[in-house]
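Residue numbers (mature numbering (1 follows the signal peptide of the UniProt record, and there is no 0)): -22 to -1, 1 to 565.
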Amino acid sequence: MFRNTKLQLLATGAVLIATVSAICPVEGPLLARPTNLSKSIPVSAATRNLTKVLQSALNGTINPGFNTANTSFSVGIVSLDSPSPIWEFHHRGTANVNGTSKVDADTQYLVGSISKMISNLMILRTGVDTEAKITEFVPELKGKSAIDWESITFEALGAHLSGIPPNSGFSEFYYLLPVLEQLGFPPLTKDDFPDCGVTALNTACSKEQLLQNVLNYEPIAPPFQRPVYSSFSLSLLAYALQNITGNNYTELLNEYVINPLGLVNTGASPGNTSRAAIPPIDSSWGGDYLDNTPGGGLFSSLSDLSIIAQRTLNKSILSTPAEVRKWLKPSSFTSSLNSLVGMPWEIFRSTNLTPSHPHTIDIYSKSGGAFGYTSQISLVDQYGIGIIVLTAGPADAQPILSDLLAAMILPAAEDEARTQSAKYTNHLTAIDKTNVTIEMDLELDSGPGLKLKNFTRNGTSLLDSLEKFWSIAMVQFGPLDPDIRVHPADISNPAMMPNPSNSSTEIEVIKEEWLITFSTQPNTAARIGSELPGQGAMKDWCTSWQLAGWINWGGEPIDRCSSPVFEGDVKAINELKLETGVIEEEF
């Protein structure tokens, strides 16, 4: 804000402003996260349509793209303010004669590599130092090896940045040996294969065998060079935690995840067959994954994964919201502009998921696969919404169902966010005790967030003044984008302010902070008139994140707009407004 002129949204509702460019909006929520999605009109319409579409696919009216007789599935939508799914749908394939006779939210499925997400959650909940070197707690790795174990931390293992091979043993396809030889692979004997862990050849590896064999592995990449998917890394982390705590993986899982979160259908395989969805095709239901369990051997259910999703979305699943926000951040890139890697998130970035109002959306997912099972959990923090897909049967059902749910529910969540944000678009006028009048108009147009359409002080356009100021003081960053936008800062606190019905009393409100996110116009030949080649090569460069809090006036950042209730002079203005009725707005 500008000191003494108070460039802030002086409303009795105590909401604030922010600005961002349509070229480069802020990362994260562009509008306040929608709440009460279970009662949302657009979300309810979308879920009714989802139910109708799925029923049409199951009765043969439309082609689902997968064998519904051989496939059982449970799918659901989760909201940050509801521990149970706000919508769910279940199907038991007619050929699924084993296991449960009724598929519901408590039906157990093998979840494959979703186990990595749950194991990483367990590691974070123990409070262990994720920057610790794995060799400190698994000393067997200090032996002679081509892998630089001394540089590999807990976080590197959890975020696929260790560079070690993905598996130990079960990447060997011994059972396909005759077929592969016919296809031109070189012939092998049994002695050419590892001494343990090879399916259809020998027994599972003991801990001692695994740790001895891994010393002979070659690295796929140096530590922290690039993401290399690894299941075995979670086994190493489990060994380290056992050495630290004295408890094995199953005991740690119960202590730090299953019991405190109240999960009743999650654990190390084998699960409860009477409660399971078991496909008619070959599957690994009932198998014991032994030391490979942390990376891919858990079972779970829609109800339990919904609890994990909801607690993650509302930032309560770890000790502090900051720890959850850190967990929901990428650790590395892939070569794709749309794919990043977290701990152990598979992050998909898209601008095509809300066609009516396109903008970047980050989906934090973890997919999983076991023989006969595929699954995916996806979290969209921008809307506080989660999507869960569990399938038992052929592997083609899960991506079809995941795409279906995302394509239908995310546009509805965007519509609801926009509907709920309409309350911020009132024309606002404030008159302070020196008779300075500030007027502001926020508009909900087709762009990201809210558009700051009008902002004046005693009739002078502060938007025009800001542009002129920028051209003088901030020229090194380039011209200011004139499309000024407002976005939530994701910061809110309880506060007291005068009661609009009785100014001698106070009421409790939530103080929200919003930000002006400055962005600059791209450098292109058309804009600057340069005939030098290459102009516009870096036009997609994003500057808004570099400019937050950059400009101060009298010690106050002008892009931060906060509730006036904590400032004595503005509190007096609020009291004046309440008496004169200059602004009439509901909380």
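For glycine and all other residues, C-beta sits at the position ideal for the given N, C-alpha and C. These numbers come from a predicted model, not from an experiment.
- A contact between stretches requires three or more CB pairs, one per stretch, nearer than 8 Å, and the region 160 to 178 fails this requirement with the region 93 to 109.
- Rounded to whole angstroms, the Cβ separation of histidine 337 and proline 426 is 5 Å, and the two are in contact under 8 Å.
- Put simply, of Phe349, Ala408 and Asn180 the residue whose alpha carbon is nearest the alpha carbon of aspartate 374 is Phe349.
- DSSP places asparagine 480 inside the beta strand (DSSP E), whose first and last residues are 480 to 494.
- For a cut-off of 8 Å, the C-beta gap from tyrosine 342 to glycine 320 is around 7 Å, short enough to register as a contact.
- Residue pairing by DSSP puts serine 343 in a beta bridge opposite Glu324 and Ser356.
- Considering only Ala503, Phe496 and Trp519, the residue with the shortest C-alpha distance to alanine 526 is Phe496.
- Per the C-alpha coordinates, the member of Phe51, Tyr267 and Pro389 positioned closest to isoleucine 378 is Phe51.
- Measuring C-alpha to C-alpha distances from histidine 465 to each of Asp537, Pro476 and Asp518 identifies Asp537 as the nearest.
- DSSP, reduced to helix, strand and coil, places lysine 429 within a strand of the structure shown.
- For valine 206, no alpha helix (DSSP H) encloses it, and the DSSP letter there is neither H nor E.
- When Tyr152, Asp82 and Asp282 are compared, the shortest CA-CA separation from arginine 253 is found for Asp82.
- For the region 249 to 308, the full-length alpha helix (DSSP H) segments reaching 4 residues or more read 271 to 274, 280 to 291 and 299 to 305 along the chain.
- Selection Gln398, Met516 and Leu458 evaluated against isoleucine 19 yields Gln398 as nearest (Cα-Cα).
- Note on geometry: alpha-carbon atoms of methionine 100 and leucine 219 lie some 10 Å from one another.
- The DSSP-derived three-state label of alanine 216 is helix.
- Sequence-distant partners of histidine 405 (beyond 5 residues in either direction) whose C-beta falls short of 6 Å from its own C-beta, in its chain, are Asp419.
- Taken atom to atom, the span from the alpha-carbon of lysine 185 to that of arginine 463 is near 56 Å.
- Of all C-beta pairs linking the region 136 to 154 to the region 308 to 328, three or more are shorter than 8 Å, placing the two stretches in contact.
- Linking alanine 384 to proline 63 through their CA atoms gives a straight-line distance of about 15 Å.
- Check the Cα spacing between lysine 517 and each of Ser129, Thr502 and Ile339: the tightest is with Thr502.
- Proximity to isoleucine 198 across Asp126, Ala515, Thr251 and Leu166 peaks at Asp126, based on C-alpha coordinates.
- From the listed residues Leu155, Ser356, Val206 and Ile339, the smallest Cα separation to serine 313 is found for Val206.
- Every unbroken stretch of the alpha helix (DSSP H) spanning 4 or more residues and falling wholly within the region 55 to 138 is given here in chain order: 92 to 104 and 132 to 136.
- Positions of the alpha helix (DSSP H) runs, each at least 4 residues long and wholly inside the region 220 to 247, are given as 227 to 231 in order along the chain.
- Considering only Pro322, Thr78 and Gly512, the residue with the shortest C-alpha distance to glycine 274 is Pro322.
- Serine 261 is not a Cβ neighbour of glycine 90, given a cutoff of 8 Å.
- The continuous stretches of alpha helix (DSSP H) do not include valine 319, which lies in the beta strand (DSSP E) extending over residues 317 to 319.
- Excluding sequence positions up to five before and after alanine 182, its CB lies within less than 7 Å of the CB of Cys174, Gly175 and Leu268, all in the same chain and listed in chain order.
- The secondary-structure analysis by DSSP pairs arginine 11 with nothing; it has no beta-bridge partner.
- When C-beta atoms of the region 19 to 35 are compared with those of the region 385 to 397, three or more pairs fall below 8 Å, so the two segments count as touching.
- Classified as buried, alanine 10 has 16 or more neighbouring CB atoms from the shown chains inside 10 Å of its CB.
- Where leucine 188 is concerned, the enclosing alpha helix (DSSP H) starts and stops at 185 to 191.
- In this structure, threonine 113 lies away from glutamate 133, with their beta-carbon atoms at least 8 Å apart.
- Look at tryptophan 531 here: in three-state DSSP terms it is strand.
- Within 10 angstroms of the beta-carbon of glutamate 109 lie fewer than 16 other beta-carbons, which makes it exposed.
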